[in-house]
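Working notes for the structure below.
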């Protein structure tokens, strides 16, 4: 059986085009691409397009090669965070690890050596005055073109009278002869190695430029937080706190300076290599001429003062690719491990987002109910347990895909966490049901925090103003002069508008229990506990008071931080707004300001 992780629906047959990581197999009777028997779990590729499951042949949707370097940086960051998480066992920072910035932000041995070789002009010397071989060919040609006769020219002339111009008493005057022509041969092994070195170096440097560009964007985002004046100080402090678990302001500035310098050096490298590939020796060597990855050290490569640097660079470049060549089964296992690491990363961010509610634990009490964060396969579920039973409030599906968000209908309580490569969503928290999740995103915890806040606050807001029905007369008689309650004697309903005092709450609960209205008693306690949480300011956690506004809304203003909250509109079409400084803007406020339609 197959499960579509995005929608949660079961599938009988997979589509012809398969997005890696989207599907889950619950059977162990499948063999993937002939190398992984008894396959089950997440369906990922082995970095090839072929997807054969037993006798069914499909094809994987391959990632865009333009983003290969950025994706590789993402995978390294996820793997590093996952390793730190397994060791630390605590709520570590979900942002780009300092180890990645230090490792990737500095020049690699190949780059340093290439800069030195180019600075000394060895590759330019080879390009302008290369070693070459002489290639000789014999050809029958007009006597006027011949400069040197081949060894068998006279024999050929004697046996081919059609090459004679005329015959005389003293001999033959030729019209054509077999001549030997020579031409420069630039296709020797050393020159082919030089040309392929330039190709590989160009590809490598372009990838490194992309990697350092991504790191620079991440550090620039951090630097903007330290300098920005329009971002609310609470958001700035929260984001800088989790960034500060990796970098402080001083080290961020130093890392940014080093990164900029090395990025400039790589740009010079790329420009120089591009110039060498457009002139000189490179243009004289066949583009299709290939050389083996294992270097064959000839006398020229060993002793020539310029060509020996080509050999050194080729070996250094080969070391950068060491370990990259693995078999298909190993690549498949690596991709499965990446998907699991990304799931654990999503769990880390969720735990941090739930910290105001659960204090870093996976279970706790909130508004009189039990909240629980639970992992199911690779998904994460936020559950709530009431007297009526257990309910899944939110499901987060981590999907480590390099594609853009596809157009697919997802249930309202199901959200897809994906790296959002190529998207600029700083001004918006979500893209529909899609939530960006990447160590390069300074807002990653704020996005999940907003998602959690809206999910939990929606419960309180939908229940606010909901009338308790069929209230026994004995309980109604206790509600006289209770300003926190609105009672309809004719309809026998009771609406809780404000928190009840302990005495009145205890008397009402006892009366309902004695009148065999246990469910109503539980609902009354639940409404009172929900009001206690609603009265607490969601930004600074200070206690305040709700001012009821007809027909079923309220207004609340925090005296401490100035947060203003409104719930207004008719039942079924109410709108909630949480304003800080008179606005709700994710870029400047994060999870502290937002608006939400309330259906209840």
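Numbering (the numbering used here), first residue to last: 61 to 660.
Glycine included, each C-beta is placed from N, C-alpha and C at the ideal position.
The structure presented is a predicted model; accordingly, all values stated were derived computationally and were not measured.
Where residue i sits in the DSSP three-state scheme
i, result
"residue 303", "helix"
"residue 107", "coil"
"residue 98", "strand"
"residue 459", "coil"
"residue 298", "helix"
"residue 587", "helix"
"residue 203", "coil"
"residue 446", "strand"
"residue 121", "coil"
"residue 539", "helix"
"residue 513", "helix"
"residue 164", "helix"
"residue 357", "coil"
"residue 436", "strand"
"residue 170", "helix"
"residue 504", "helix"
"residue 441", "strand"
"residue 139", "helix"
"residue 283", "helix"
"residue 644", "coil"
"residue 85", "strand"
"residue 145", "helix"
"residue 481", "coil"
"residue 67", "coil"
"residue 345", "coil"
Among the options, nearest to residue i - alpha-carbon criterion
i, options, result
"residue 403", "364, 450, 129 and 460", "460"
"residue 161", "133, 154 and 509", "133"
"residue 370", "249, 498 and 548", "249"
"residue 89", "150, 609 and 116", "116"
"residue 144", "415, 347 and 306", "306"
"residue 391", "476, 596, 92 and 276", "92"
"residue 199", "238, 269 and 378", "238"
"residue 231", "243, 218 and 150", "218"
"residue 290", "613, 641 and 658", "641"
"residue 539", "520, 512, 515 and 569", "569"
"residue 674", "85, 81 and 79", "This structure cannot settle anything about residue 674, because the visible part of the chain is limited to 61 through 660."
"residue 154", "419, 275, 302 and 223", "302"
"residue 629", "62, 571, 319 and 522", "522"
"residue 152", "81, 549, 420 and 130", "420"
"residue 183", "243, 364 and 348", "364"
"residue 277", "484, 223 and 555", "484"
"residue 378", "298, 406, 177 and 264", "264"
"residue 215", "179, 236 and 422", "236"
"residue 488", "659, 178, 77 and 650", "650"
"residue 450", "436, 292 and 431", "431"
"residue 3", "490, 206 and 189", "Shown here, the chain extends from 61 to 660; a query on residue 3 therefore has no answer."
"residue 416", "62, 599 and 556", "599"
"residue 533", "520, 575 and 512", "575"
Distance between residue j and residue i (C-alpha atoms, nearest Å)
i, j, result
"residue 285", "residue 646", "14 Å"
"residue 500", "residue 482", "12 Å"
"residue 330", "residue 270", "12 Å"
"residue 443", "residue 631", "26 Å"
"residue 583", "residue 528", "8 Å"
"residue 166", "residue 316", "11 Å"
"residue 478", "residue 495", "6 Å"
"residue 112", "residue 464", "25 Å"
"residue 227", "residue 233", "6 Å"
"residue 67", "residue 262", "42 Å"
"residue 445", "residue 429", "6 Å"
"residue 362", "residue 332", "25 Å"
"residue 393", "residue 138", "16 Å"
"residue 637", "residue 627", "7 Å"
"residue 104", "residue 136", "18 Å"
"residue 596", "residue 514", "15 Å"
"residue 168", "residue 175", "11 Å"
Cβ distance (whole Å) where residue i is taken to contact residue j below 8 Å
i, j, result
"residue 339", "residue 187", "7 Å"
"residue 351", "residue 192", "17 Å between Cβ atoms; not a contact."
"residue 267", "residue 129", "4 Å"
"residue 405", "residue 141", "6 Å"
"residue 660", "residue 474", "Going by Cβ atoms, the distance from residue 660 to residue 474 rounds to 20 Å, so no, they are not a contact pair."
"residue 21", "residue 602", "Any property of residue 21 remains undetermined from this structure, which presents the chain solely from 61 to 660."
Residue i Cβ short of 8 Å to the ligand SAH heavy atom set
i, result
"residue 176", "With respect to the ligand SAH, the structure offers nothing, as it holds no ligand at all."
Short CB-CB distance (under 9 Å) between residue i and chain C
i, result
"residue 650", "Any reference to chain C falls outside this structure, which holds one protein chain only."
Next item on the list: Could you tell me which uninterrupted beta strand (DSSP E) segments, each at least 3 residues in length, are contained entirely in the region 603 to 637, listed from first to last along the chain?
Entry: You should have 607 to 609, 613 to 617 and 624 to 628.
**OP:** Report the residue ranges of all beta strand (DSSP E) runs contained in full by the region 386 to 427; include only those spanning at least 3 residues, in chain order.
**Re:** If we require 3 residues or more, the beta strand (DSSP E) runs fully inside the region 386 to 427 come out as 423 to 426.
Runs of alpha helix (DSSP H) wholly within the region 304 to 342 (minimum 4 residues, chain order): Counting whole runs of 4 or more residues, the region 304 to 342 contains the alpha helix (DSSP H) stretches 309 to 336.
| request: Any chance you could list the beta strand (DSSP E) runs of at least 3 consecutive residues sitting entirely within the region 218 to 260, in chain order? | output: For the region 218 to 260, the full-length beta strand (DSSP E) segments reaching 3 residues or more read 224 to 228, 231 to 234 and 236 to 245 along the chain.
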